[in-house]
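One structure is given here, and the rest of the page talks about it.
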Amino acid sequence: QRRYYHEKVLDHYSRPRNVGTLDKSDKSVGEGLVGAPACGDVMRLHIKVDPETQVISDVRFKTFGCGSAIASSSYLTELVRGMTLEQAAKVKNTEIAKELCLPPVKLHCSMLAEDAIKSAINNYYKKNPDVKPTSLAGREAKLETATA
Ligand code: FES
1 QRRYYHEKVL DHYSRPRNVG TLDKSDKSVG EGLVGAPACG DVMRLHIKVD PETQVISDVR
61 FKTFGCGSAI ASSSYLTELV RGMTLEQAAK VKNTEIAKEL CLPPVKLHCS MLAEDAIKSA
121 INNYYKKNPD VKPTSLAGRE AKLETATA
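Encoded structure:
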C-alpha cells in the first residue's frame, strides 16, 4: 500500500527547523519529554522563556520518530516561537495536523507535538515557581502601582 505525504510534511522532514537542544541547566529553559504509547516514538522539546514577558524566545527539538512526528515538531517550533506561554499552551494538535494535511492514521504524531509543548511549559513553571501566568502578573503589577 502506497502512502502519499503532503509536500509540507516532506519539506519539514527533509529540512527540519530548529533541531537541537538548549542548556537545560538554565532556569529559563523548560524541557518537555514525551512518548507516543502507540508506536514508541519520542519527542524532546526545549523552550527558552523571557522571564519578564513570558515570551518563548528560542525553541529546539529532537524527535526520534516517524516523518509526520518530525514534521509536526519542526512546524511546532516555528509556531510557538514568539508566543507567550499562555498562547503556546493553547496550541492544539489538530491545528498542526491541518497545516501539514496529516491523514487520520497520523493524527497521533501531531498529538506528540501538543504533548511536548505542554510538558515543556509545565517544566518551566516547575523550575520557576515564582513566575505566574502573564494575565495574573499584569493584575498584580497594577495592584502594586495602585498601592504604591
Ligand atoms: Fe509514531 Fe508517528 S508513527 S509518532
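If you count the sequence shown from 1, position 66 lands on 66 in our numbering, and the numbers rise without skipping. Even for Gly, the Cβ is constructed at its ideal location relative to N, Cα and C. Predicted, not measured: the structure shown is a model, and the values here were computed from it.
- Taking a contact as a CB-CB distance under 8 Å, the pair H12 and S74 counts as one, their CB atoms being some 4 Å apart.
- Environment of the ligand FES, chain-ordered: A36, A38, C39, D41, G65, C66, S68, A69, K106, H108, C109, L112, taking every residue with Cβ within less than 7 Å of a heavy atom.
- The beta carbon of Y5 sits closer than 7 Å to those of G67, all from its chain and outside the five residues before and after it, given in chain order.
- Counting only runs of 4 or more residues that sit fully inside the segment 58-115, the alpha helix (DSSP H) segments are 67-80, 85-88, 93-100, in chain order.
- Taking C-beta separations shorter than 6 Å and ignoring five residues to either side along the sequence, the partners of E78 in its chain run R17, following chain order.
- The criterion of a C-beta distance shorter than 8 Å is not satisfied by T63 and I56.
- The C-alpha of T53 lies about 17 Å from the C-alpha of N123.
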